[in-house]
Structures are given as C-alpha cells and as structure tokens.
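Chemist: Right, I'll just put the structure down here and ask away after.
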Amino acid sequence: KLWMSLDMKFESESFSVVLDKGTLDALMTDDNEESVQRVTKYFSEIDRVLRIGGRYIVISLMQQHIMLFLLKQFTTRAWMIRVCRCYDVETKLTNEQGYKPLPVFMVICTKFKK
24 KLWMSLDMKF ESESFSVVLD KGTLDALMTD DNEESVQRVT KYFSEIDRVL
74 RIGGRYIVIS LMQQHIMLFL LKQFTTRAWM IRVCRCYDVE TKLTNEQGYK
124 PLPVFMVICT KFKK
C-alpha cells in the first residue's frame, strides 16, 4: 500500500533493514515531478526508520532515471552505496527458458551517522 511506504507508522530508528523488492520501481515509473516528490518522501521515511548502520536493500530493474535519483539522494545523505548485478538469475533464466531477461540489480545502501 502506498500510504504505508510514504507514512510509516513506526518509531524512528526502529529497524536494521528495509527490504524493497519492486516498490521503488512501482513508485518511480518516470522522472516527472510527482514521481520525484513521492520517492523523496519514501526515501525520507526509510532514512527515519533505519538505525545508524542499518541497510536499505533494493531489488530492482534499476532503470537509468531510478539509479541516478537513488545515487543522488543517498550520497547527499552520506550513505554508502553498493550496486550488484544479479547475473545468476539472468543466466538461470537464459539457460532454462531460452531468453535473456531484463537485468536485475541489488543496491545496498548503508546509513551512517550524519
């Protein structure tokens, strides 16, 4: 539910991990102003509920506009970012089903003290 992503009813710094499997892709279908505002609020809530040292883990198709926005937002918040491409998933689908799927990425953003 969208409201749960944008207005989390949890105490600040109450989680060690936030796992996002497709939510970011769904919230930021393009880079228009409405999408940017929505995802900025989403990232602010993630920042609020994660403890220092906590991780925001995103599994995404990571379209260019999403990757650029994510990198900008979290580097300005002084988070460490690691990007991994999930080659095993792509290889498995290619070998088993005979087609090359869209690449899947996992981005791990680690929160540091500001």
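Numbering (my numbering), first residue to last: 24 to 137.
We treat Cβ as the ideally placed atom computed from N, Cα and C, and that holds for glycine.
#1: List, from N- to C-terminal side, the beta strand (DSSP E) runs of 3 residues or more that fit wholly inside the region 72-120.
#2: Check Ser37 in the structure and name its three-state DSSP category.
#3: Roughly how many angstroms lie between the CA atoms of Tyr79 and Val62, to the nearest whole one?
#4: How would you write the range of the beta strand (DSSP E) that Thr46 sits in, first residue to last?
#5: Buried or exposed: which applies to Cys107, given that a residue is buried once 16 or more other Cβ atoms fall within 10 Å of its Cβ?
#6: With H, G and I counted as helix, E and B as strand and the rest as coil, what does DSSP make of Phe135?
Modeler: Per the coordinate set shown:
#1: 73-83 and 103-108
#2: coil
#3: 14 angstroms
#4: Not the beta strand (DSSP E): Thr46 falls in the alpha helix (DSSP H), residues Thr46 to Leu50.
#5: exposed
#6: coil
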